[in-house]
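The next block holds one structure in the form of structure tokens; read it before the comments.
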Amino acid sequence: MKRLVQFSTMVILLTLSFPNFTLSQTLKIIHFNVGDGDATLILSPSGETLLVDSGKDRSSVVTAIATYLEDSLEIYDLDYTLATHYHDDHIGGFIDLFNLYGYLPDTAFDRGSNPGYHSQTYADYINAAGAARTTITPNYVIDLGLGVAVWVVCVNGTLYNGTYPTNLPVTGGVYENVRSICLLLEYNNFRYVVAGDLIGQWVGGLNYDMETPCSQAIGEINTFQVNHHGGGSSTNRNWLTNLSPETAVVSGGSLQGSQSVMNRLEGMARFDTLYHTGTMASYCATKSVVCNDNIVLETDGLTYYDISWLAFTDTYAIGADAASGDVSLCPTTSGSPYRINESVKSYTPTELALFSAFPNPFNATTVISFELRVASLVKLEVFDVRGNIVGARPVSPLSGSGATPTTDFYTAGSHRITFNGTGLPSGIYIYCLTAGNFTGAGKMVLIK
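Position 270, counted from 1, in the sequence shown is what UniProt numbering calls 270; the numbers after and before it change by one each time, with no gaps.
Put into structure tokens, the structure is as follows:
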């Protein structure tokens, strides 16, 4: 698939010792079979967890989630939870998970105040979350460790850049689904989206299409969780065209799903399979698989992702048809910390070839290597995941690199720059290297 940036990738697998758990090399995303609801667990290779939504407030659903966490994953506490919006089938399970099973997280993310929508389930959720409840804002990045980052594309009808693309009023009674939080997860080359019940159409003469601007900001992905359980007001053509997913998972029960959505997925040439957690009202004609089970996605983030249920596993390649990077990861002051606009000038290996930082992950120092076709002024900028510059300067070459140390120019050929992360906290960093009119970028992970 087409990626934001394509680089030669060198992977260093480090053996790290941590108390209480062993680091995995893979990311797992568990889509729980909760009937008429959503509940999705993200388990980072670092061991950090994020539970997005929790299904309805039914004892059988909550018991199944808690049992899977304990027995299958040996997870006894959660780092983060996130409520995409406040409908009962998305937040109901949190109440017993927090109160009865001891899964109150360190941080319970949601959109904050709730004008225009009230329910007993919402009141019970507020009480259960208590002091852990934290308002999340657009453009926030949840760092799950070891290169797994979750970008908040929109919250409460507001995009990452602060704009309100729909007719959603700031306060007052409105359609609850359009307030859903949209998340983009990135792990190396793997990209995944989950967005609750996000809306993609006009309703009652008002524009509630949040899917189109969100998908324009996200770009192409590997897979996603279908919005609104496959309901007809979501997963519009722009969403599918912009994301161009290869697979998808839909969470829902017998009364959910729209044939119009299934037909749109069916008609996408690139789309391969739609996996259903349970039996639904509608299906793709040839591309649906009814799993009637939890659906587990597992990926190394570089070469493959698996989708498993019951005794079955389907495997998909990552980046097999990737194109040369035409969008930079370099931040801008008005945009997401991972993207700039699509018109940015691309580079080719004949002008600038930028390679992965080595080692990566790293402790204290790492080396950034690149090749130039012609002599150029070179500038290196390093950003944290929120887009803050932690290092920005014209750089002088290393001794013996082939350029004069007293100048800012590098001659044609191969060069290396050592980045020193001493004094910076552990986390994900974006490095952007500019040579003449060309820019390349990559991610590196600092572990202390």
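The C-beta atom is built at its ideal place from N, Cα and C for all residues, glycine as well. In this text the structure is predicted, and so the values were computed from the model without any measurement.
If you draw a straight line from the Cα of H87 to the Cα of S369, it is about 49 Å long. Using a Cβ distance threshold of 8 Å, Y429 and V390 count as a contacting pair. Unbroken beta strand (DSSP E) runs of no fewer than 3 residues, entirely contained in the segment 23-76, are found at 27-31, 40-43 and 49-52, following chain order.
For T365, there is no enclosing alpha helix (DSSP H); the residue is part of the beta strand (DSSP E) that begins and ends at T365 to L372. F312 carries a strand assignment under DSSP once its states are collapsed to helix, strand and coil.
The Cβ atoms of S376 and Y431 lie no closer than 8 Å to each other.
In the assembly as shown, Q225 is a buried residue. Its beta-carbon has 16 or more other beta-carbons within 10 Å.
The alpha carbon of G130 has as its nearest neighbour, out of D110, L183 and Y117, the alpha carbon of D110. The criterion of a C-beta distance shorter than 8 Å is satisfied by I199 and N177. In the three-state scheme derived from DSSP, where H, G and I count as helix and E and B as strand, H90 is classed as helix. Contact between G257 and V250 holds, with the beta-carbon distance rounding to 7 Å and staying under 8 Å. Annotation for E176: no alpha helix (DSSP H) segment contains it, and DSSP assigns it neither H nor E. Rounded to whole angstroms, the gap between the alpha carbons of I181 and D77 is 23 Å. The alpha-carbon of F438 is positioned some 45 Å away from that of A132. Between the C-alpha atoms of N420 and F362 there is a straight-line separation of about 10 Å. Taking C-beta atoms under 8 Å as the contact rule, V194 and L206 fail to qualify, at a distance of about 25 Å. If you look at E211, you'll find it isn't in any beta strand (DSSP E); it sits in the alpha helix (DSSP H) that goes E211 to I218. Per DSSP, L302 has no beta-bridge partner at all. As the crow flies, the alpha-carbon of G147 is around 11 Å from that of G442. When the alpha-carbon of G112 is set against those of N99, Y101, T67 and N156, the nearest one is in N156.
Here the segment 271-282 makes contact with the segment 305-320; the two share three or more CB pairs at distances below 8 Å. In the DSSP assignment, Q225 forms a beta bridge with V249. Boundaries of the alpha helix (DSSP H) around V261: Q259 to E266.
As DSSP reads the structure, A285 sits in no beta bridge. Straight-line measurement puts the Cα of W151 at about 9 Å from the Cα of D143. In this structure, the straight-line span from the alpha carbon of G145 to that of G427 is close to 7 Å.
Sequence-distant Cβ neighbours of L310 in its own chain, meaning closer than 6 Å and more than five residues away, are D293. When the five nearest sequence neighbours on each side are left out, the beta carbons in the same chain lying within less than 6 Å of the beta carbon of T418 are those of T365 and V367, in order along the chain. Of all alpha-carbon atoms in C154, N238 and D57, the one lying nearest the alpha-carbon of A123 is that of D57. Taking the Cα of G35 as reference, the smallest distance to any Cα among C291, C154 and D300 is reached at C291. If the five residues before and after Q201 are omitted, its C-beta is found closer than 7 Å to the C-beta atoms of Y208, D209, S233 and N236, all from its own chain and listed in chain order. Bridge partners of I389 according to DSSP: F383.
In terms of Cα proximity to L446, the closest of H85, P359 and R416 is P359. By DSSP's assignment, V152 forms a beta bridge with L183. For G157, the secondary structure class from DSSP, reduced to helix, strand or coil, is coil. Beyond the five residues adjoining it in sequence on each side, E186 comes within less than 6 Å, by CB distance, of A149 in the same chain, given in chain order.
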